[in-house]
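*Asks:* I have a structure I would like to understand better, so I am pasting it below and will then ask my questions one at a time.
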């Protein structure tokens, strides 16, 4: 069994944002030389997500609006977590809805995707450097 | 390391629905001959889910009602994604709540489940053919 | 390829609660002797979660409040599932938001975590014995 590990770094200039990281994960897979196996991609931070969905800007706007409705940033003081001096409690909620990680099948040396599947980094508390882990195991 | 791959096809006659696919995944596991490892089951479409929960029709009714409350289909025009000509933005939200994939342990040739765990395909934008990927790795 | 399996048992004295299980999973990893691979940790029950987030009591209070708002326990009769004699339909919803499982990379014999990542058992229908499965594959 082979294994491969790489960290991808991001610094989103705003509090929230989505970045398509599919080509970076594909590059990891090429580097790994693995043809059959599984590829784990996870946020290493607990106020960020990795998820698979569509690369369509209207949809990303809708996610932003919807997540803000499910777990509003304001009023900051409504969250006990923010009494620690943080203002990112809502980001910990949003990340649970969107998920921490995806596991993607690796088949014949490629990410085994349906027609519209793309991998995104979802940032909910940005303006600082944060990491995503890519781990691939197989043969 | 062995690996196995199979696509399962579904065509749900209504917009939304849940289908128990546990026996189909078990059949994949038998075909694979894998005794120890991990089994990934994921929706290949971004308006559908694969999740594990209870096979109880009342609960599925509750999921339907609850998801419709969290991310209503109507008004269709409230979602920017639907300006592309789609009417399925809500399906992209519902899928994030229910999840894209499950990873199940494979132990002694069986899906290593608790007493009530069953695998479901969750459709949120049906009335067309869509796929689920089963990928199993191990020995 | 090596594989390792262990069940962790919990009995939460209240209906809902969060337990940090990181050290128990690390102990499983040590026992397994696996240095490179993947570690699956999943709830074996469908009214409980395994998730990764911060070990901060204010945040856990916020999760409790937030989940109760998204999927209230009362009125119990509002859920069809509860007509079966159960009163835990809300727990099946809360578990979907928080997730069934996490997959963690194993690198150089350790859980390959970012700075604040901790694994939690999330109970939404406690006061009875329930299990978490730890399955590790690799070399």
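Protein chains in written order, with the working numbering: chain A, 327 to 465; chain B, 327 to 465; chain C, 327 to 465.
Just so you know, even glycine gets a beta-carbon here, dropped at the ideal spot from N, CA and C.
As the structure is a computational prediction, the values presented were derived from the model and not from experiment.
Using a C-beta cutoff of 7 angstroms, does residue 433 of chain B count as contacting chain C?
*Replies:* In the second chain, the residue the question calls residue 433 of chain B occupies position 107. Interface residue, yes.
*Asks:* Report the residues of the region 389-412 of chain C with a CB closer than 8 angstroms to any CB of chain B, ordered along the chain.
*Replies:* So the close ones are 396, 397, 405, 406, 407, 408, 409, 410.
*Asks:* Can you round the beta-carbon distance between residue 364 of chain C and residue 464 of chain B to whole angstroms, since I take them to be within the 8 angstroms contact cut?
*Replies:* For the purposes of this step, residue 364 of chain C is identified with residue 38 of the third chain, where counting begins at 1. For the purposes of this step, residue 464 of chain B is identified with residue 138 of the second chain, where counting begins at 1. Actually they are not in contact, since the Cβ atoms of residue 364 of chain C and residue 464 of chain B sit about 11 angstroms apart, beyond 8 angstroms.
*Asks:* Smallest Cα separation from residue 450 of chain C: which of C:381, C:397, C:459, C:330?
*Replies:* Sequence index remark: in the third chain, residue 450 of chain C carries index 124 (1-based). Among C:381, C:397, C:459, C:330, the Cα nearest to that of residue 450 of chain C is on C:397.
*Asks:* Would you decide whether residue 362 of chain C is buried or exposed? Buried here means 16 or more other CB atoms lie within 10 Å of its CB.
*Replies:* Counting from one through the third chain, the residue named residue 362 of chain C turns up at place 36. That one is buried.
*Asks:* Specify the secondary structure class of residue 332 of chain C as computed by DSSP and reduced to three states.
*Replies:* By 1-based counting over the third chain, the position of residue 332 of chain C is 6. DSSP places residue 332 of chain C in the strand class (E or B) of the three-state scheme.
*Asks:* Output the boundary residues of the beta strand (DSSP E) element that contains residue 433 of chain B.
*Replies:* Taking the first residue of the second chain as position 1, residue 433 of chain B is located at position 107. Note, residue 433 of chain B: beta strand (DSSP E), 427-433.
*Asks:* For residue 369 of chain A, which residues does DSSP report across the bridge?
*Replies:* Sequence index remark: in the first chain, residue 369 of chain A carries index 43 (1-based). A:458, per the DSSP bridge assignment.
*Asks:* For residue 452 of chain A, would you say it is in contact with chain B, using Cβ-to-Cβ distances shorter than 7 angstroms as the test?
*Replies:* Along the first chain, one-based indexing puts residue 452 of chain A at 126. It does not; no Cβ of chain B falls within 7 angstroms.
*Asks:* Among A:381, A:462, A:461, A:454, which one has its Cα closest to the Cα of residue 346 of chain A?
*Replies:* Here the question's residue 346 of chain A lines up with position 20 in the first chain. Comparing Cα positions, the closest option is A:381.
*Asks:* For residue 330 of chain B and residue 433 of chain A, I'd like the C-alpha separation in whole angstroms.
*Replies:* Locating residue 330 of chain B in the second chain gives position 4, where the first residue counts as 1. Locating residue 433 of chain A in the first chain gives position 107, where the first residue counts as 1. Their backbone Cα atoms lie some 9 angstroms apart in a straight line.
*Asks:* Is the beta carbon of residue 399 of chain A less than 7 angstroms from the beta carbon of residue 344 of chain A?
*Replies:* Here residue 399 of chain A corresponds to residue number 73 of the first chain, with the count starting at 1. Here residue 344 of chain A corresponds to residue number 18 of the first chain, with the count starting at 1. No, they are not a contact pair.
*Asks:* If I measure Cβ to Cβ from residue 413 of chain C and keep anything under 7 angstroms in the same chain, skipping five residues before and after, which residues do I get?
*Replies:* Numbered from 1 along the third chain, position 87 holds the residue referred to as residue 413 of chain C. Excluding sequence neighbours, residue 413 of chain C sits near 402.
*Asks:* I need the DSSP call for residue 419 of chain B, collapsed to helix, strand or coil.
*Replies:* Here residue 419 of chain B is taken as the residue at index 93 of the second chain, counted from 1. Of the three classes helix, strand and coil, the one that applies to residue 419 of chain B here is helix, per DSSP.
*Asks:* Is the Cβ of residue 370 of chain B closer than 7 angstroms to any Cβ of chain A?
*Replies:* As a first step, residue 370 of chain B must be located in the second chain, where it is residue number 44. Interface residue, yes.
*Asks:* Within the 7 angstroms Cβ cut-off, does residue 445 of chain C reach chain A?
*Replies:* Against the third chain, residue 445 of chain C aligns to sequence position 119. Judged by the 7 angstroms Cβ criterion, residue 445 of chain C is not in contact with chain A.
*Asks:* Using beta carbons (cut-off 7 angstroms, strictly below), is residue 327 of chain B in contact with chain A?
*Replies:* Locating residue 327 of chain B in the second chain gives position 1, where the first residue counts as 1. Closer than 7 angstroms: yes.
*Asks:* Within this structure, are the beta carbons of residue 445 of chain C and residue 373 of chain C separated by less than 7 angstroms?
*Replies:* Sequence index remark: in the third chain, residue 445 of chain C carries index 119 (1-based). Sequence index remark: in the third chain, residue 373 of chain C carries index 47 (1-based). Contact: no.
*Asks:* Pick helix, strand or coil for residue 389 of chain C, following the three-state DSSP scheme.
*Replies:* Residue 389 of chain C sits at position 63 when you count from the first residue of the third chain. DSSP places residue 389 of chain C in helix when its eight states are reduced to three.
*Asks:* With DSSP run on the structure shown, which of helix, strand or coil describes residue 414 of chain B?
*Replies:* Taking the second chain and counting its residues from 1, the one referred to as residue 414 of chain B is at position 88. DSSP places residue 414 of chain B in coil when its eight states are reduced to three.
*Asks:* Can the beta-carbon of residue 443 of chain C be found less than 7 angstroms from the beta-carbon of residue 368 of chain C?
*Replies:* Position 117 of the third chain, counted from the first residue, corresponds to residue 443 of chain C. Position 42 of the third chain, counted from the first residue, corresponds to residue 368 of chain C. In this structure, residue 368 of chain C does not lie closer than 7 angstroms to residue 443 of chain C by Cβ.
*Asks:* Given that a residue counts as buried once 16 or more other Cβ atoms are within 10 Å of its Cβ, and exposed if not, what is residue 335 of chain C?
*Replies:* The sequence position of residue 335 of chain C within the third chain is 9, counting from 1. Label assigned to residue 335 of chain C: exposed.
*Asks:* So what's residue 382 of chain C in DSSP terms, helix, strand or just coil?
*Replies:* Reading the third chain from its first residue, position 56 is the one you call residue 382 of chain C. Here residue 382 of chain C sits in coil by DSSP.
*Asks:* Applying a beta-carbon distance threshold of less than 7 angstroms, which residues of chain B neighbour residue 385 of chain A?
*Replies:* The residue given as residue 385 of chain A occupies position 59 in the first chain. What residue 385 of chain A touches in chain B: 407, 415, 418.
*Asks:* Use the C-beta contact count for residue 404 of chain B: other C-beta atoms within 10 angstroms, 16 or more gives buried, fewer gives exposed.
*Replies:* The residue labelled residue 404 of chain B in the question sits at position 78 within the second chain. It counts as exposed.
*Asks:* Does the distance from the CB of residue 460 of chain A to the CB of residue 332 of chain A come in under 7 angstroms?
*Replies:* By one-based count along the first chain, residue 460 of chain A stands at place 134. By one-based count along the first chain, residue 332 of chain A stands at place 6. Taking 7 angstroms as the Cβ cut-off, residue 460 of chain A and residue 332 of chain A qualify as a contacting pair.
*Asks:* Apart from the five residues just before and just after residue 437 of chain B, which ones in its own chain have a Cβ nearer than 7 angstroms to its Cβ?
*Replies:* Residue mapping note: residue 437 of chain B aligns to position 111 of the second chain, counting from 1. If we look at residue 437 of chain B and ignore the five residues flanking it on each side, its Cβ neighbours are 351, 352, 355, 365, 430.
*Asks:* Any idea what DSSP makes of residue 364 of chain B, helix, strand or coil?
*Replies:* To locate residue 364 of chain B, count along the second chain from 1; it is residue 38. Strand, per DSSP.
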